[in-house]
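Under the working numbering, read the sequence shown as residues 1082 to 1732, first letter to last. The beta carbon of each residue, even a glycine, is placed where N, CA and C say it ideally should be.
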Amino acid sequence: MKDDLGRKIEELEKKKKTLIHGTLTYKTIKGKKQPYLQWTENGVTKSRYVKLEEREQVLELVEERKHLTDEIGRLRAYYEGIKDILAEQPFLANQVSIGFQDYAYIRENHLFYVDKTDFLSEWWEEGSQVTLITRPRRFGKTLTLHMTECFFSLLYKDRSDLFENTKIWRQQTYRNLQGTLPVVLVSFADVKSSDYHDAKGQICECILEAFEQHSYLSDSSVLDADDKEDFRRTRRKLADHDTSVCKSAMKKLCRWLSLHAGKNVIVLIDEYDTPITEGYMNGYLEQMTELMRNIFHSTLKTNRYLYRAILTGISRIARESLFSDLNHLLVVSATSTTYAKSFGFTEAEVFGALKCQNSEEQEKVREWYDGFTFGGIKDIYNPWSITNYLHSRQLMPYWANSGGYGLISRLLLQGDNTLKEDFAVLQQGGCIRKSFEEAITFEELDQDKNAIWSLLFASGYLCADRVKLEGMTNAELSITNKETRSMFDRMIQNWFLPAASAYQGFCKALLNGDLELMNELLKSITMEMMSFFDAGRRPGEQEPERFFHGLVLGLIADLRDVYMIRSNRESGFGRYDIMMIPRDHAQDAILIEFKVRNEKKEKSLVETMQNALAQIEEKQYETELIQAGVAPERIRKYGFAFAGKEVLIGR
């Protein structure tokens, strides 16, 4: 047994051998029961009397030995049931700990790990000089780069223990590569600021960490005095947040490492897109894009000391924005077949982990966390939720809760009514076919109505099926899984927080058919929320329409469990605005028609409301409900009339 579970059994066996050997029995001597140790040696049963002064200690040791024997038996039976799984993935039975992204620490401490080291051989053989890999957050990108550093870096020379019994180590030809090349690892994960000046300082700090890791260069016997002084000077300037050195710092570090080691350098850049996203969110996109473009140009384009490089991030930022002159860049996105199984857990890996960790919740775990697709490989699970579930044994939205959704929320709020209608379809478990560019151009994010689909797909919130790659990506999009749907529900519910009490009361009044209370509460909600829904940048849409479509999404998020809610679908001779079909047939069905007052044709809001109700009758919107078996008397019909922030509901 070479895996960690096997080692544990061997350790317990060794400990057992150090304890008193034998079984405690009692013999009656002169009418009294006396304790004896009994054992078998070479087929002969032997025993010895346990003296009074040693009885307490012997009893404790015998009890400990019995406990160890039981534990070894349990582990052997357990091992027998999972040995085939451990032959492929030797670390699935190890202790599950949360949050560690340092490969060396995970292996040194024998923690739970899904072996993805075959990425190393696949990347080595693929051969591209610069590779950009995009995956959603918490999908193992950082751990993969740490693993790559541990395998190739001279700083980890002679650390074969970190790869013992892994997939890469089973390939004899790769063992000679371990610890043989200089490696620079830089992460921009900590660039989080609303101010460009502060963000530049954070970038200096990120690059400085790489300099500190290679601080030995200041005493290198290979570098000349000028190079060593330049190294120290650059370190000082980075520490002082002098961004004048940012552009060339990584290129210089590659040069010094190459001279010191006699080999060109592997550069690993994690979360390359975080500074750009922060720039977009906080109003300094143009400045940040220019800075990062210069850093990447210097490090990856004009750097003759570069051997190979990997960049990882969430978004595939358009080449013309950031990599305009980087012609040798291989982009591996969610639709690429390359490295399709290297990030995220396959279903076989997840079910193997569940069995090794004594969980039988395969179907529930699949419902909550399955659904990601990379390069045509379906049933990929996000590692963050799986490891958290294995640790706590509770089905919770771990991944959805692990990051903010401010950008998504903003784009959805600002989007037109068609966008919100599409999103309503997704919320209710449907799918929509869209064409979109996988590469994101932040400068056009507010103008391109399809950009949000690219962002939602890249971020992992939507999965793609029946993908066609014909210039643009054309795919059927749907919400990835139950966990992701819960995130969207929470995001939409948060829209109504400023009027939370009134909104919740309105939902209850709608269910109860309390028309007077519905009017009172909806007036309160519109006064509080109308301007919030009109905060987008696209002029020309009426406030009530924005609010109404936001309200539809809110109703779906809150009432999905009791109603199937459909919007803007054909029924009878027209398209109704909202149809609410009860999941419990004892409840009423609800039809809602929404109208904005036309001041030229309607004298009052009452007339607008009456026209809305008349349209429900004229267009026979109840047809779909009646065909579904709902009795006409169980259909409630409401007309919602709006004029600015004024609202009136009639039945």
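- prompt: Exposed or buried, which one is THR1689 when buried takes at least 16 other CB atoms within 10 Å?
  reply: Under a 10 Å Cβ-count criterion, THR1689 is classified as buried, with 16 or more other Cβ atoms of the shown protein chains found around its own Cβ.
CB contact flag (GLY1456, THR1427, <9 Å): Against a cut-off of 9 Å, the Cβ pair of THR1427 and GLY1456 comes out as no contact.
- prompt: Going by the CB atoms, is the gap between TYR1353 and PHE1292 shorter than 9 Å?
  reply: In this structure, PHE1292 sits away from TYR1353, with a CB-CB distance that is not shorter than 9 Å.
Outcome for VAL1303 when other beta-carbon atoms lying within 10 angstroms are tallied against a minimum of 16: Per the 10 Å Cβ criterion, exposed.
query: Does the pairing of the segment 1381-1399 with the segment 1519-1539 give three or more beta-carbon distances under 8 Å?
result: Verdict: yes, contact present.
- request: Give a yes or no on whether the C-beta atoms belonging to GLY1208 and LYS1238 are separated by under 9 Å.
  value: Going by C-beta atoms, GLY1208 is not nearer than 9 Å to LYS1238.
query: If you check the beta carbons only, do SER1440 and TYR1420 fall under 9 Å apart?
result: Not in contact: SER1440 and TYR1420 (Cβ atoms no closer than 9 Å).
task: Could you tell me which residues DSSP pairs with ASN1482 in its beta bridges?
output: Within the DSSP bridge table, the entry for ASN1482 names no partner.
task: Going by CA-CA distance only, name the one from HIS1472, LEU1349, GLU1286 and ALA1434 that's closest to ILE1391.
output: Across the set HIS1472, LEU1349, GLU1286 and ALA1434, the C-alpha of LEU1349 shows the shortest separation from the C-alpha of ILE1391.
query: Do ASN1363 and TYR1450 have their CB atoms nearer than 9 Å?
result: Result no, Cβ atoms of ASN1363 and TYR1450 do not sit closer than 9 Å.
- request: To the nearest angstrom, report how far apart LEU1603 and THR1522 are at their CA atoms.
  value: Going by the C-alpha atoms only, they are around 39 Å apart.
query: Given a threshold of 16 other Cβ atoms within 10 Å of its Cβ, counted over all protein chains shown, does ASP1546 qualify as buried or as exposed?
result: By the 10 Å Cβ count, ASP1546 comes out exposed.
- request: Find out if the Cβ-Cβ distance for the pair PHE1629, MET1610 is shorter than 9 Å.
  value: Cβ atoms of PHE1629 and MET1610: not closer than 9 Å.
- prompt: Helix, strand or coil: which one does DSSP assign to ILE1467?
  reply: ILE1467 carries a helical assignment under DSSP once its states are collapsed to helix, strand and coil.
- request: Verify whether the separation of the beta carbon atoms of ARG1219 and PRO1478 is less than 9 Å.
  value: In this structure, ARG1219 lies away from PRO1478, with their beta-carbon atoms at least 9 Å apart.
message: Assuming contact is defined by CB atoms lying nearer than 9 Å, are ASP1031 and THR1223 in contact in what I supplied?
response: Outside the shown range of the chain, which is 1082 to 1732, sits residue 1031, and nothing can be said about it.
message: Does GLN1176 come out as helix, strand or coil in the three-state DSSP assignment?
response: If DSSP states are grouped into helix, strand and coil, GLN1176 belongs with the strands.
- prompt: For ASP1307, which residues does DSSP report across the bridge?
  reply: Looking at the DSSP output, ASP1307 bridges to nothing.
- request: Can you say whether HIS1295 is buried or exposed, counting buried as having 16 or more other CB atoms within 10 angstroms of its CB?
  value: The residue is buried, with at least 16 neighbouring Cβ atoms inside 10 Å.
- prompt: Could you give the distance in angstroms between the alpha-carbon of HIS1148 and the alpha-carbon of GLY1154?
  reply: Approximately 10 Å, taken between the alpha carbons.
Rounded straight-line distance, which links the Cα of ALA1174 to that of MET1082: Reliability fails at MET1082, whose pLDDT of 40 lies under 50, so the model's placement of it is uncertain and the value that follows must be treated cautiously. Straight-line Cα distance between these residues: approximately 13 Å.
- prompt: So the alpha helix (DSSP H) VAL1143 belongs to, where does it begin and stop?
  reply: Start and end: 1136-1169.
Environment of ARG1136 [buried if 16+ CB atoms lie within 10 Å]: Answer is exposed; the Cβ neighbour count stays below 16.
- prompt: Does the distance from the C-beta atom of LEU1592 to that of LEU1640 stay below 9 Å?
  reply: It is a contact, given that the beta carbons lie within the stated cut-off.
task: Figure out for me which residue from GLN1170, ASP1151, VAL1125 and LEU1105 has the closest Cα to the Cα of GLU1141.
output: Nearest to GLU1141 by alpha-carbon distance, out of GLN1170, ASP1151, VAL1125 and LEU1105, is LEU1105.
- prompt: Nearest-angstrom Cα distance between GLN1691 and GLU1430?
  reply: Cα to Cα, the separation comes out at about 59 Å.
field: Helix, strand or coil at ARG1678 according to DSSP, with G and I counted as helix
entry: ARG1678 falls in the coil class under three-state DSSP.
- prompt: So which of LYS1089, LEU1411, LYS1501 and SER1567 has the shortest CA-CA distance to TYR1486?
  reply: For TYR1486, the nearest C-alpha among the options comes from SER1567.
message: I'd like the ranges of any alpha helix (DSSP H) spanning at least 4 consecutive residues and lying wholly in the segment 1191-1241.
response: Scanning the segment 1191-1241 for uninterrupted alpha helix (DSSP H) segments of 4 residues or longer gives 1199-1207 and 1222-1233, listed from N- to C-terminal end.
query: Span of the beta strand (DSSP E) holding THR1106?
result: Where THR1106 is concerned, the enclosing beta strand (DSSP E) stretches over 1104-1110.
query: For PRO1620, which residues of its own chain have a beta-carbon under 7 Å away from its beta-carbon, when the five flanking residues on both sides are left out?
result: Its pLDDT being 42, under 50, PRO1620 is placed unreliably in this model, and the coordinates cannot settle the point.
Reduced DSSP category for LEU1049 - H, G, I as helix; E, B as strand; rest coil: In the structure displayed, the chain extends from 1082 to 1732; residue 1049 sits before or after that span and is not available.
task: Give me the Cα-Cα distance between SER1178 and ALA1185, rounded to the nearest whole angstrom.
output: Between the C-alpha atoms of SER1178 and ALA1185 there is a straight-line separation of about 14 Å.
- prompt: My guess is that VAL1733 and SER1234 are in contact by the Cβ rule of under 8 Å, so how many angstroms apart are they, rounded?
  reply: Any question about residue 1733 goes unanswered here, given that the chain covers just 1082 to 1732.
query: By the 10 Å Cβ neighbour count, where 16 or more other Cβ atoms means buried, how is TYR1277 classified, buried or exposed?
result: A residue is called buried when at least 16 other Cβ atoms come within 10 angstroms of its Cβ; TYR1277 meets this threshold and is buried.
message: DSSP three-state label for ASN1123, please.
response: In this structure, ASN1123 counts as coil in the three-state DSSP scheme.
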